[in-house]
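A.B. asks: Dropping a structure here in structure tokens format, bear with me for questions.
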Amino acid sequence: MGTVLTIIGITLAVAVWDLTGETAAEYVAKYIVDQDDLGASTGEPSSLPSPDGTAMAATPPVESTPPLVRRETVASPVLLSSVTEASSQSRQQERRPTAEGQIMPASQTSPLADAAPAPQPEPTAILSAEEVDPLLSLIGDTPHRRPDGTVFMPIAAQRVFGLRTVIGERVTVPQSIELPGRIITNPSSAHLIQSAQDGFVNATQDGFPFAGQQVRRGQLMARLTPALTTIEKAEFGARLQELTNEIDLKRKQMARLEEVVMVRYRASRIEQMRVEIEGLRRQLAILRDGVERPIELRAQTDGVVSHVRAAAGQFVHAGHTLFEIIDPAHLWVSASAFGPGIQERLISASAVTVDGRQMALDFVGGGLELQNQALPLHFQIVDSSKGLSVDTPVTVVAQLSGAAEVGLRIPRDSVTRTSDGRELVWERRSAESFVAHHVTAKPIDAQHVLVTSPIGGSARIVTSGVATLGQVQ
Numbered sequence: 373m374g375t376v377l378t379i380i381g382i383t384l385a386v387a388v389w390d391l392t393g394e395t396a397a398e399y400v401a402k403y404i405v406d407q408d409d410l411g412a413s414t415g416e417p418s419s420l421p422s423p424d425g426t427a428m429a430a431t432p433p434v435e436s437t438p439p440l441v442r443r444e445t446v447a448s449p450v451l452l453s454s455v456t457e458a459s460s461q462s463r464q465q466e467r468r469p470t471a472e473g474q475i476m477p478a479s480q481t482s483p484l485a486d487a488a489p490a491p492q493p494e495p496t497a498i499l500s501a502e503e504v505d506p507l508l509s510l511i512g513d514t515p516h517r518r519p520d521g522t523v524f525m526p527i528a529a530q531r532v533f534g535l536r537t538v539i540g541e542r543v544t545v546p547q548s549i550e551l552p553g554r555i556i557t558n559p560s561s562a563h564l565i566q567s568a569q570d571g572f573v574n575a576t577q578d579g580f581p582f583a584g585q586q587v588r589r590g591q592l593m594a595r596l597t598p599a600l601t602t603i604e605k606a607e608f609g610a611r612l613q614e615l616t617n618e619i620d621l622k623r624k625q626m627a628r629l630e631e632v633v634m635v636r637y638r639a640s641r642i643e644q645m646r647v648e649i650e651g652l653r654r655q656l657a658i659l660r661d662g663v664e665r666p667i668e669l670r671a672q673t674d675g676v677v678s679h680v681r682a683a684a685g686q687f688v689h690a691g692h693t694l695f696e697i698i699d700p701a702h703l704w705v706s707a708s709a710f711g712p713g714i715q716e717r718l719i720s721a722s723a724v725t726v727d728g729r730q731m732a733l734d735f736v737g738g739g740l741e742l743q744n745q746a747l748p749l750h751f752q753i754v755d756s757s758k759g760l761s762v763d764t765p766v767t768v769v770a771q772l773s774g775a776a777e778v779g780l781r782i783p784r785d786s787v788t789r790t791s792d793g794r795e796l797v798w799e800r801r802s803a804e805s806f807v808a809h810h811v812t813a814k815p816i817d818a819q820h821v822l823v824t825s826p827i828g829g830s831a832r833i834v835t836s837g838v839a840t841l842g843q844v845q
């Protein structure tokens, strides 16, 4: 019994000893090894100088505490005052600008070399008006309208707005009128491709035509496969079978004549049957081609495909227009003449489009039937320019025989209209002074107009930038 108790006692003692060692090790690791904040030292760092450059005096040691008891250490009053004084001096030096107007970095003014300087905003440069636009420095004054109605425009501003002038020429020209018109196709060069019968439109190996495609005379555009009804197919089949039977019958008759020797005119009869058989074979081939072979649709003139009114595989009826081909090098202009006898008095003509393109015209002829209470006059465009489209509206200026007119010839761009519809031109009186004139202008050609109002013959008229002068207040 005593032995058992002894063993139990020894076992408990060993267990208590192991438990005590493990607890002590965990306690030490918790407060010493794993602790990030190791507390404060009782001495002073040797790398931190005082503000006057001397080493700081060591503070009296603080009563030590047991290592297992956490205790916060109070910093020395001397250390706190030194650090505070150094920080205030550093901030004052950071705020003091240098002679060049820049801020000195904190690393050069503060004894605390490890402290990062605060980011300072860069100075913003203010650009003057001359740096933004050097040309504005040349303008001594802004454009304005004077009390007498003239407009003051400095030379530099004239260059900015692109003002251009021309000296008006006093001339004597024939009487002229303006006629409304439009561009049409030349009947001799335009071509329509239509279907001759009902069928299906099929594309070629080169593809299906499209609007804007350049084509040549004789070029294959598409193929038309005829569409036959059930009755038409039966009639064609019966006719094909009839021709086949006749050919077989003639061949057998010819073979019988070759077998019989004693027949009058035997050789001539054999030749006759041979000719009949060849004729029947040709008829059979033609009939088969007419039923099975598609119809080729080819261009009959050089030009551009302007309109496509079918699609690949579409069923069309006889007379349906598939493609329209127009030759852009041979276009006409159709004008409407509302006055009687204009075509007999016509001398020359020119046309101008809405976007300002000018064309010379040759008179072709005029109709005798009124269309919308006007006679149609046809003109051929000389040296047709690129980019013209059919049905584009134009203004035809026709010169007529009769009494001549005298006036000032100026470009069309010089004439503008006011808000009340009156025509207006600008004259350059001096280098920087402009005056407006209300005038009456008549067309001369596609480029010029004739001003019949009293203006000096040597007047300098503004041709470019007219709208800018009208907006000056």
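Quick note, this note's numbering runs 372 ahead of the 1-based positions in the sequence shown.
Built from N, CA and C at the ideal position, the CB exists for glycine as well.
Quick caveat: nothing in here was measured; it's all calculated off a predicted structure.
Are the CB atoms of Ser786 and Val797 within a distance shorter than 9 angstroms?
C.D. replies: Position 425 of the sequence shown, counting from 1, holds the residue named residue 797. Position 414 of the sequence shown, counting from 1, holds the residue named residue 786. Yes, the Cβ-Cβ distance between Val797 and Ser786 is below 9 angstroms.
A.B. asks: Do you know offhand how far Thr392's Cα is from Thr383's?
C.D. replies: Numbered from 1 along the sequence shown, position 20 holds the residue referred to as residue 392. Numbered from 1 along the sequence shown, position 11 holds the residue referred to as residue 383. Whole-angstrom Cα-Cα distance: 14 angstroms.
A.B. asks: Would you mind stating whether Gly793 and Arg670 have Cβ atoms separated by less than 9 angstroms?
C.D. replies: Within the sequence shown, numbered from 1, the residue matching residue 793 stands at position 421. Within the sequence shown, numbered from 1, the residue matching residue 670 stands at position 298. The answer is no: Cβ separation not under 9 angstroms.
A.B. asks: If you follow the alpha helix (DSSP H) that Val838 is in, where does it begin and where does it stop?
C.D. replies: Here residue 838 refers to the residue found at position 466 of the sequence shown. Run containing Val838: 838-842, per the alpha helix (DSSP H) assignment.
A.B. asks: Out of Ala682, Phe710, Ala808, Ile549, which one is the CA nearest neighbour of Asp520?
C.D. replies: What you label residue 520 is simply residue 148 of the sequence shown in a count that begins at 1. Ranked by how close their Cα comes to the Cα of Asp520, the residues Ala682, Phe710, Ala808, Ile549 have Ala808 in first place.
A.B. asks: Of the choices Ala639, Val754, Leu747, whose alpha-carbon is the least far from that of Met626?
C.D. replies: Indexing the sequence shown from 1 puts residue 626 at position 254. Out of Ala639, Val754, Leu747, Ala639 has the C-alpha closest to the C-alpha of Met626.
A.B. asks: Can you find at least 3 beta carbon pairs, one from the region 763-770 and one from the region 526-540, that sit closer than 8 angstroms?
C.D. replies: no
A.B. asks: Rounded to whole angstroms, what is the Cα-Cα separation between Ile380 and Trp389?
C.D. replies: In the sequence shown, the residue the question calls residue 380 occupies position 8. In the sequence shown, the residue the question calls residue 389 occupies position 17. Each residue's alpha carbon lies about 14 angstroms from the other.
A.B. asks: So what does His809 bridge to, in DSSP terms?
C.D. replies: In the sequence shown, residue 809 corresponds to position 437, counting from 1. Under DSSP, His809 takes part in a beta bridge, and its partners are Val797.
A.B. asks: What does the Cβ neighbour count give for Gln530, buried or exposed, with the cut at 16 atoms within 10 Å?
C.D. replies: Position 158 of the sequence shown, counted from the start, is the residue given in the question as residue 530. Flag for Gln530 reads buried.
A.B. asks: Do three or more CB pairs link the region 655-662 to the region 598-617 at distances below 8 angstroms?
C.D. replies: yes
A.B. asks: Cα-Cα, which of Gly651, Ala813, Thr378, Pro598 is closest to Ile619?
C.D. replies: Here residue 619 corresponds to residue number 247 of the sequence shown, with the count starting at 1. Cα-wise, what sits closest to Ile619 is Gly651.
A.B. asks: Give the list of continuous alpha helix (DSSP H) stretches no shorter than 4 residues that lie fully inside the region 619-705.
C.D. replies: For secondary structure counted as the alpha helix (DSSP H) over 4 or more consecutive residues, the region 619-705 holds these complete runs in sequence order: 638-664.
A.B. asks: Taking 8 angstroms as the cut-off, does the region 702-713 touch the region 595-606 (at least 3 CB pairs, one atom from each stretch)?
C.D. replies: Between the region 595-606 and the region 702-713, the count of C-beta pairs closer than 8 angstroms stays below three; the two stretches do not touch.
A.B. asks: Report the residue from Gly685, Ser805, Leu780, Leu733 whose alpha carbon sits nearest the alpha carbon of Val543.
C.D. replies: In the sequence shown, counting from the first residue as 1, residue 543 sits at position 171. Closest option to Val543, Cα to Cα, is Leu780.
A.B. asks: Where in the region 703-759 do unbroken runs of the alpha helix (DSSP H), each at least 4 residues long, occur, reported from the N-terminal end onward?
C.D. replies: 714-717
A.B. asks: To which residues does DSSP link Ser548 through a beta bridge?
C.D. replies: Here the question's residue 548 lines up with position 176 in the sequence shown. According to DSSP, which records beta bridges pairwise, Ser548 is partnered with Gln771.
A.B. asks: Short of 8 angstroms in beta carbon distance, which residues of its chain neighbour Gly837, apart from the five on each side in sequence? Order them along the chain.
C.D. replies: By 1-based counting over the sequence shown, the position of residue 837 is 465. Excluding positions up to five away in sequence, the list reads Gln530, Phe533, Gly534, Leu535, Arg536.
A.B. asks: Quick check: Ile753 and Met731, are their CB atoms within less than 9 angstroms of each other?
C.D. replies: By 1-based counting over the sequence shown, the position of residue 753 is 381. By 1-based counting over the sequence shown, the position of residue 731 is 359. Yes, they are a contact pair.
A.B. asks: For the beta strand (DSSP E) containing Arg531, list its first residue and its last residue.
C.D. replies: Working through the sequence shown from its first residue, we reach residue 531 at position 159. That residue, Arg531, is in no beta strand (DSSP E); its alpha helix (DSSP H) goes 527-533.
A.B. asks: So Asn574 is in the beta strand (DSSP E); what residue range does that whole segment cover?
C.D. replies: Locating residue 574 in the sequence shown gives position 202, where the first residue counts as 1. Looking at the DSSP string, the run of the beta strand (DSSP E) that includes Asn574 is 571-574.
A.B. asks: Using alpha carbons as the reference points, say which of Gly738, Leu733, Phe695 lies closest to Gly713.
C.D. replies: On the sequence shown, residue 713 is found 341 positions in, with the first residue counted as 1. If we check each option's Cα against that of Gly713, Gly738 comes out closest.
A.B. asks: Are the CB atoms of Phe580 and Ala568 nearer to each other than 9 angstroms?
C.D. replies: Position 208 of the sequence shown holds residue 580. Position 196 of the sequence shown holds residue 568. No, the Cβ-Cβ distance between Phe580 and Ala568 is not below 9 angstroms.
A.B. asks: Quick one: what's Gly374 bridged to in DSSP?
C.D. replies: Within the sequence shown, the letter at position 2 stands for residue 374. Paired residues: none, contrary to the question.
A.B. asks: Taking Met525 and Glu799 to be in contact with their CB atoms under 8 angstroms, please state how far apart those CB atoms are, rounded to whole angstroms.
C.D. replies: Here residue 525 refers to the residue found at position 153 when the sequence shown is read from its first residue. Here residue 799 refers to the residue found at position 427 when the sequence shown is read from its first residue. Between Glu799 and Met525 the Cβ distance is about 13 angstroms, and since that is not below 8 angstroms, they are no contact.
A.B. asks: Going by DSSP, which residues form a beta bridge with Pro783?
C.D. replies: To locate residue 783, count along the sequence shown from 1; it is residue 411. Its beta-bridge partners are His820.
A.B. asks: Starting from the C-beta of Ala583, find all residues in its chain whose C-beta is less than 7 angstroms away, skip the five residues before and the five after it, and write them out in chain order.
C.D. replies: Stepping through the sequence shown from its first residue, residue 583 is reached at position 211. Counting only Cβ-Cβ distances below 7 angstroms, and skipping sequence neighbours, we find Val677, Ser678, His679, Val680.
A.B. asks: Where does the unbroken beta strand (DSSP E) through Arg536 begin, and where does it stop?
C.D. replies: Against the sequence shown, residue 536 aligns to sequence position 164. Taken as a continuous stretch (DSSP letters only), the beta strand (DSSP E) holding Arg536 covers 536-539.
A.B. asks: How should Glu668 be labelled, buried or exposed, when 16 other C-beta atoms within 10 angstroms of its C-beta is the threshold for buried?
C.D. replies: For the purposes of this step, residue 668 is identified with residue 296 of the sequence shown, where counting begins at 1. Here Glu668 is exposed: its Cβ has fewer than 16 other Cβ atoms, across all protein chains shown, within 10 Å.
A.B. asks: Measuring CB to CB, does Val545 end up less than 9 angstroms from Leu822?
C.D. replies: On the sequence shown, residue 545 is found 173 positions in, with the first residue counted as 1. On the sequence shown, residue 822 is found 450 positions in, with the first residue counted as 1. The answer is yes: Cβ separation under 9 angstroms.
A.B. asks: For Gly728, count the other beta carbons within 10 Å of its own beta carbon; 16 or more makes it buried, fewer makes it exposed. Which is it?
C.D. replies: For the purposes of this step, residue 728 is identified with residue 356 of the sequence shown, where counting begins at 1. Gly728 should be labelled exposed.
A.B. asks: For Lys624, which of Arg641, Thr725, Ser791, Tyr637 has the nearest alpha-carbon?
C.D. replies: Numbered from 1 along the sequence shown, position 252 holds the residue referred to as residue 624. Residue Arg641 is the option with its Cα nearest to Lys624.
A.B. asks: Helix, strand or coil for Leu596 per DSSP?
C.D. replies: Translated into the one-based positions of the sequence shown, residue 596 becomes position 224. In this structure, Leu596 counts as strand in the three-state DSSP scheme.
A.B. asks: For Gly553, which beta-bridge partners are listed by DSSP?
C.D. replies: Position 181 of the sequence shown holds residue 553. According to DSSP, Gly553 bridges with Ala707, Val766.
A.B. asks: What are the partner residues of Glu614, as DSSP defines its beta bridges?
C.D. replies: Against the sequence shown, residue 614 aligns to sequence position 242. Paired residues: none, contrary to the question.
A.B. asks: How is Gly425 classed by DSSP in three states: helix, strand or coil?
C.D. replies: For the purposes of this step, residue 425 is taken as the residue at position 53 of the sequence shown. Any reading at Gly425 must be qualified, since the residue scores a pLDDT of 48, below 50, and its modelled position is unreliable; no value is offered.
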